[in-house]
Amino acid sequence: MADMIERLERRDEEALVLLRQHYGEYCYSILFHILRNHEDAEEALSDVWLRIWNSIPPARPKQLRAYLAKTCRNMALDYIKRDQAKKRSGMTLLLEEIAEVVSDSEWEHKEQNQALSAALNSFLHALRDEEQGVFLRRYWYGASIDELAKDYSCSASKISGMLFRTRKKLRKYLKKEGFWV
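The numbers in numbering that gives the first Met the number 0 rise by one with no breaks, and the one at position 121 of the sequence shown is 120.
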């Protein structure tokens, strides 16, 4: 995919067409999992391609798939922010679940954000693979409890319990690391 990035840097429009063909479904699924609306996901996907076109260059991502996922997630969150005045969305509820663990004051300072980000990464790497996968898919990609239960071949109550325990571990870990929770 380095070739794809190079083509985007050269402003080769065919690269964008290939990017859509190769990653379109992947990007759409991320957007739909967060936005929960086909029309919004389609509109956001168009905006993602424009954002990718405008961001490469100067950005030169090492992992194109991860860069696309992050761009999709951020675009979906932008849509949610725009929509929050009108209604509460599923992602708002997800963010509220996580907000119970981290205080608002922690998000206000850039240096603390970087330290918090590093602490979250360390915490995630210490989790078992299943816990990490469930946590990330729920809070990064916005997967529903039922989707996670189906994908992990277990009950929704097991997934809910796992997420509750993981949030509890996260709260304990962040306190130990000096974050006010």
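Glycine included, each C-beta is placed from N, C-alpha and C at the ideal position.
| Asked | Found |
| --- | --- |
| Environment of His-32 [buried if 16+ CB atoms lie within 10 Å] | buried |
| Through-space distance from Ser-45 to Lys-175, alpha-carbon basis | 43 Å |
| For Ser-143, three-class secondary structure by DSSP | coil |
| Closest residue to Leu-49 among Ala-14, Phe-122, Ala-148, Lys-157 (Cα-Cα distance) | Ala-14 |
| Ala-148 versus Arg-10: straight-line alpha-carbon distance, rounded | 42 Å |
| Asn-73 to Glu-5 span [Cα, whole Å] | 23 Å |
| Collapsed DSSP secondary structure at Asp-11 in the structure displayed | coil |
| DSSP three-state assignment for Glu-176, whether helix, strand or coil | coil |
| Tyr-138 to Lys-61 span [Cα, whole Å] | 23 Å |
| Close beta carbons around Thr-165, own chain, < 6 Å, minus the five adjacent residues each side | Glu-130, Phe-134 |
| Outcome for Arg-87 when other beta-carbon atoms lying within 10 angstroms are tallied against a minimum of 16 | Note on Arg-87: pLDDT 46, under 50, position unreliable in the model; no value is reported. |
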